[in-house]
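Working notes, structure below.
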Amino acid sequence: MSGQNNSESDPTLGDALAQDEIIIDAVPAEKKEERKEIPTLDQIAPRCVMSTGLTAQNPRLTAQESFCELLRWWKDRIIESFGLQLTDFNVAMEKRGNPPDAKIPVEFAFTAQDGSGKPLGYIHFMNSRDGKGGTVTVAVRDVTLQPKMVLPDVEPPKEPRDVRFTHRPELGLGRAVLNFLGAGTNHGVTCRTGSYKYKFNFDPDGELKAFLTAMNQDKINEFRRSTVPQGSRYVPFQPHPKTDTIFTIGADSNALGRGGRGRYIYRSKVTPKEFNTWCEPALFLQEIKDDDIVKTEMGDLILDSKFRGEIYLKGFLLSDTTRRGYASLSERPLRFGYNILYGTPDEKMKHMSSLGEECQAIMSI
Numbered sequence: 037m038s039g040q041n042n043s044e045s046d047p048t049l050g051d052a053l054a055q056d057e058i059i060i061d062a063v064p065a066e067k068k069e070e071r072k073e074i075p076t077l078d079q080i081a082p083r084c085v086m087s088t089g090l091t092a093q094n095p096r097l098t099a100q101e102s103f104c105e106l107l108r109w110w111k112d113r114i115i116e117s118f119g120l121q122l123t124d125f126n127v128a129m130e131k132r133g134n135p136p137d138a139k140i141p142v143e144f145a146f147t148a149q150d151g152s153g154k155p156l157g158y159i160h161f162m163n164s165r166d167g168k169g170g171t172v173t174v175a176v177r178d179v180t181l182q183p184k185m186v187l188p189d190v191e192p193p194k195e196p197r198d199v200r201f202t203h204r205p206e207l208g209l210g211r212a213v214l215n216f217l218g219a220g221t222n223h224g225v226t227c228r229t230g231s232y233k234y235k236f237n238f239d240p241d242g243e244l245k246a247f248l249t250a251m252n253q254d255k256i257n258e259f260r261r262s263t264v265p266q267g268s269r270y271v272p273f274q275p276h277p278k279t280d281t282i283f284t285i286g287a288d289s290n291a292l293g294r295g296g297r298g299r300y301i302y303r304s305k306v307t308p309k310e311f312n313t314w315c316e317p318a319l320f321l322q323e324i325k326d327d328d329i330v331k332t333e334m335g336d337l338i339l340d341s342k343f344r345g346e347i348y349l350k351g352f353l354l355s356d357t358t359r360r361g362y363a364s365l366s367e368r369p370l371r372f373g374y375n376i377l378y379g380t381p382d383e384k385m386k387h388m389s390s391l392g393e394e395c396q397a398i399m400s401i
């Protein structure tokens, strides 16, 4: 912890001025140094800065890959928090509006539900009435985002990985945030959780930092009112920043931020085209008729021709068949699409670990 505050004059920080600073150095995996214990939200100051050790020079994800990694975390936390099995995870979709029709703003809502229909979390996008973009919200109920979840986990896992999960802790959510803030996308990213607000930004040296500010009751009430945009029909519940986790992407339109090189840039909204592109790798965010998908205990057989030749693992696209190559390691076209629930992907998350495992998984469906 450091008592030095050099951020009072920085106009990009808004209400997240640092009065105390948490310095957390991500130790490279090859160094056998013990990593400092990362404090939880109930152990930090009301205002502080968390240093992630991540810069734009780190291997970056595309915007689509970044959103996909956030979705992996979202899905894993819902499954873990509510004790679901992979076959229990269910998402209901609602949508309206067409981009040319400014009178009806484009709105999408994807709601994860339990067996009784209770919403457990949601992904929401609503375009502005002027058609120039909107805000994406990713919310999960009864989950708190602790600071350590933002950082890459460089330590080997102490226990076997839960077969239900797909998020890669070695990346951390900070890696997913990097691309949204950088030049080319320039979307502001915030997160409310545990009665704190995380505001992500690059510092003048190009390092990603999270500026954390405790929320008083007035701020909590103000934020809860804002979770249902004017004219929205599909927000399934009002998340609470004390007990839930709520990521917001694109809300600070025209606000001043910093890019990966430390230079000032203006934040922008998320366009419907961007949002649709981000959602493409997630099977559970696609519109498929019930008659076009056969669900089994080991995975899904997808009959819809739009998904022919695609292979998914636990709901996320591994690879698809294009002019450049086939999704299957057999290098042969597939007649259907497949969503495999159990198995191990390769290091790049593009295929199953071997042709034998791929064949066995497909045959089990």
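Basically this note's numbering = 1-based index in the sequence shown + 36.
The beta-carbon is built from N, C-alpha and C at its ideal position, and this holds for glycine as well.
Residue span of the alpha helix (DSSP H) that contains residue i, given as start and end
i: Ile376; result: Note, Ile376: premise wrong, no alpha helix (DSSP H); beta strand (DSSP E) at 373-376.
i: Glu310; result: 308-315
i: Arg261; result: 253-262
Contacting residues, own chain, Cβ-Cβ under 6 Å from residue i (five flanking each side not counted)
i: Asn126; result: Gln149
i: Thr103; result: A small correction: the amino acid at residue 103 is Phe; Thr does not occupy that position in the sequence shown. Excluding sequence neighbours, Phe103 sits near Trp314.
i: Phe118; result: Leu156
i: Asp112; result: Phe201, His203
Option nearest residue i by Cα separation, candidates the options
i: Arg177; options: Leu187, Phe273, Gly210; result: Phe273
i: Val271; options: Leu122, Ile347, Gly157, Thr91; result: Gly157
i: Gln79; options: Ser390, Gly298, Tyr232; result: Tyr232
i: Asn215; options: Gly89, Ala99, Ser268, Arg344; result: Ala99
i: Leu319; options: Ala128, Leu97, Glu116; result: Ala128
i: Glu73; options: Leu187, Ile324, Cys84; result: Leu187
i: His223; options: Thr307, Thr202, Glu258; result: Thr307
i: Phe144; options: Ala363, Pro265, Phe343; result: Pro265
i: Thr123; options: Leu349, Gly286, Lys384, Gln322; result: Leu349
i: Asp239; options: Gly293, Leu97, Arg96; result: Gly293
Euclidean distance between Cα positions of residue i and residue j
i: Met22; j: Tyr374; result: Residue numbering for the chain in the displayed model covers 37 to 401; residue 22 lies beyond these limits and cannot be assessed.
i: Leu120; j: Arg299; result: 44 Å
i: Ile256; j: Glu394; result: 48 Å
i: Thr332; j: Val179; result: 29 Å
i: Ser289; j: Gly170; result: 9 Å
i: Gly89; j: Ala246; result: 11 Å
i: Met86; j: Thr249; result: 11 Å
i: Gly361; j: Gly210; result: 32 Å
i: Phe259; j: Arg108; result: 25 Å
i: Phe236; j: Leu370; result: 42 Å
i: Val174; j: Arg344; result: 29 Å
i: Val63; j: Pro205; result: In this prediction, Val63 scores a pLDDT of 44, lower than 50, which makes its location untrustworthy; the coordinate-derived value is nonetheless stated afterwards. Cα-Cα distance, rounded: 14 Å.
i: Gln253; j: Gly267; result: 25 Å
i: Ile115; j: Pro82; result: 31 Å
Own chain, CB closer than 8 Å to residue i, minus 5 neighbours either side, in chain order
i: Ala397; result: Met334, Gly335, Tyr374, Ile376, Tyr378, Gly379, Met388
i: Lys68; result: Per-residue confidence for Lys68 stands at a pLDDT of 44, beneath the threshold of 50, marking its modelled position as unreliable; the derived number appears in the next sentence. Within the same chain, Lys68 has no close Cβ partners at all.
i: Leu106; result: Val174, Leu209, Ala212, Phe283
i: Thr226; result: Lys233, Tyr234, Lys235, Phe236, Phe283, Thr284, Ala287, Asp288
Neighbourhood of residue i by C-beta distance below 7 Å, restricted to the same chain and skipping five residues each side
i: Gln182; result: Thr76, Leu77
i: Lys386; result: Leu354, Ser355
i: Leu391; result: Leu365, Ser366
i: Leu218; result: For the sequence presented, residue 218 should be read as Gly rather than Leu. Excluding residues within five positions, the ones whose Cβ falls inside 7 Å are Ala92, Gly295, Gly296.
i: Thr221; result: Ala99, Asn215
Collapsed DSSP secondary structure at residue i in the structure displayed
i: Pro183; result: helix
i: Gln149; result: strand
i: Asn94; result: coil
i: Ala363; result: coil
i: Gly403; result: Residue 403 is absent from the structure shown; the chain starts at 37 and stops at 401.
i: Ala318; result: strand
i: Cys84; result: strand
i: Thr249; result: strand
i: Thr380; result: coil
i: Phe125; result: coil
i: Glu66; result: Only weak support is given to the placement of Glu66: the predicted model assigns it a pLDDT of 49, under 50, and the value that follows is read from those uncertain coordinates. Of the three classes helix, strand and coil, the one that applies to Glu66 here is coil, per DSSP.
i: Phe343; result: helix
i: Ile140; result: coil
For residue i, the first and last residue of its enclosing beta strand (DSSP E)
i: Met215; result: Correcting the residue type first, residue 215 is Asn in the shown sequence and not Met. Careful: Asn215 lies outside any beta strand (DSSP E), inside the alpha helix (DSSP H) at 208-217.
i: Ile111; result: Looking at the sequence itself, residue 111 is Lys, so the reference to Ile does not match. Note, Lys111: premise wrong, no beta strand (DSSP E); alpha helix (DSSP H) at 99-117.
i: Met334; result: Per DSSP, Met334 belongs to no beta strand (DSSP E) and is neither H nor E.
i: Phe352; result: 352-355
i: Pro155; result: 155-163
i: Arg270; result: The question names Arg, but residue 270 is Tyr in the sequence shown. Counting along the chain, Tyr270 falls outside any beta strand (DSSP E), and DSSP gives it neither H nor E.
heavy atom of the ligand FAD below 7 Å from residue i C-beta
i: Trp110; result: What this structure holds is no ligand at all, so the ligand FAD is not there to describe.
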